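Asker: Following my numbering, the residues of the sequence shown are numbered contiguously, the last one being 190.
Below is the structure I would like to discuss, written out as structure tokens.
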Amino acid sequence: MKGLSRFLPMACLAVGLAFSGIASAQQTAQPSAAAIASAKELLKLKHADAMYANAVPGMVERTKTTLLQSNLNYQKDLNEVALIVAKSLAGREKEIGEGMAKIYASHFTEQELKDLVTFYKSPLGQKLIAQEPKAIEQSMGYMNQWAQKFAEIVNGEFRAEMRKRGKEI
């Protein structure tokens, strides 16, 4: 759940960016090196690297597991090869951070990114970083409880309407 709580704020932000309709000029123009640097700083402050820190070992493990399914007799070799592959590809997850920084820099101006960095360095920004995962987790729990209760209401309404038609379900 801890991994999920770190992931949720960034996921929400990513979804928000995807649907935000930021000015098309910013989306098509190449971001400046300074904007990318500010975006990297912002992402570092928000601990975005936690989302992809295990991307390489995770992909290696998934690939090994897939290969094992049809090659059980090579289990020892595949386990050994997985270590070699993971070691040779270590650090490639940084490519994700680079890509994310470019995406942020294409959605926000350099000044907006600097302002966001300033905000996240402030006491309120630090509190947001610390408390937002908890608030999102609790909000998700509330939404799930609400959905379960509301589903019962909807189900009751269906049954009542069907009873009016002389059909019990």
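C-beta: ideal position from N, C-alpha, C; glycine also.
Model, not experiment: these values are computed from the prediction.
Using only the alpha-carbon positions, how far apart do A151 and Y95 sit?
Answerer: The residue given as residue 151 occupies position 130 in the sequence shown. The residue given as residue 95 occupies position 74 in the sequence shown. A151 and Y95: Cα-Cα distance of roughly 45 angstroms.
Asker: Do the CB positions of A122 and A60 come within less than 8 angstroms of each other?
Answerer: Within the sequence shown, the letter at position 101 stands for residue 122. Within the sequence shown, the letter at position 39 stands for residue 60. A contact, by the Cβ cut-off of 8 angstroms.
Asker: Using a Cβ-Cβ cutoff of less than 7 angstroms, which residues in the same chain neighbour K135 once the five nearest sequence positions on both sides are dropped?
Answerer: The sequence position of residue 135 within the sequence shown is 114, counting from 1. These residues qualify, in order along the chain: S59.
Asker: Along the chain, which unbroken stretches of the alpha helix (DSSP H) at least 4 residues long are found entirely within the region 90 to 159?
Answerer: 96 to 110, 115 to 128, 131 to 142, all fully within the region 90 to 159.
Asker: Below 7 angstroms CB to CB, which residues in the same chain sit around D70 once its five sequence neighbours on both sides are set aside?
Answerer: Numbered from 1 along the sequence shown, position 49 holds the residue referred to as residue 70. If we look at D70 and ignore the five residues flanking it on each side, its Cβ neighbours are G118.
Asker: Mapping the DSSP letters down to three states, classify A198 as helix, strand or coil.
Answerer: Residue 198 lies beyond the stretch modelled for the chain, which goes from 22 to 190, so this question has no answer here.
Asker: Helix or strand or just coil, what does DSSP make of K170?
Answerer: By 1-based counting over the sequence shown, the position of residue 170 is 149. Reduced to three states, the DSSP call for K170 is helix.
Asker: Shortest alpha-carbon distance to A74 belongs to which of G187, S109, K115?
Answerer: Here the question's residue 74 lines up with position 53 in the sequence shown. That would be K115, whose Cα lies nearest to the Cα of A74.
Asker: DSSP state of P52, grouped into three classes?
Answerer: Position 31 of the sequence shown holds residue 52. P52: coil per DSSP, three-state reduction.
Asker: In whole angstroms, what separates the C-alpha of I57 from that of Y125?
Answerer: As a first step, residue 57 is located in the sequence shown; it is residue number 36 there, counting from the start. As a first step, residue 125 is located in the sequence shown; it is residue number 104 there, counting from the start. Straight-line Cα distance between these residues: approximately 8 angstroms.
Asker: Can you list, in chain order, the residues of its chain with a C-beta nearer than 6 angstroms to that of Y141? Leave out the 5 residues immediately preceding and following it.
Answerer: Locating residue 141 in the sequence shown gives position 120, counting from the first residue. If we look at Y141 and ignore the five residues flanking it on each side, its Cβ neighbours are L66.
Asker: Using the C-alpha atoms, what's the distance from E133 back to A181?
Answerer: Residue mapping note: residue 181 aligns to position 160 of the sequence shown, counting from 1. Residue mapping note: residue 133 aligns to position 112 of the sequence shown, counting from 1. Taking the straight line from one Cα to the other gives about 54 angstroms.
Asker: Got a sec? Which residues, its chain only, sit under 7 angstroms from A107 by beta carbon, not counting five neighbours each side?
Answerer: Taking the first residue of the sequence shown as position 1, residue 107 is located at position 86. V77, P78, V81.
Asker: For S109 and T139, what's the separation of their Cα atoms in angstroms?
Answerer: Numbered from 1 along the sequence shown, position 88 holds the residue referred to as residue 109. Numbered from 1 along the sequence shown, position 118 holds the residue referred to as residue 139. Rounded to the nearest angstrom, the two C-alpha atoms are 37 angstroms apart.
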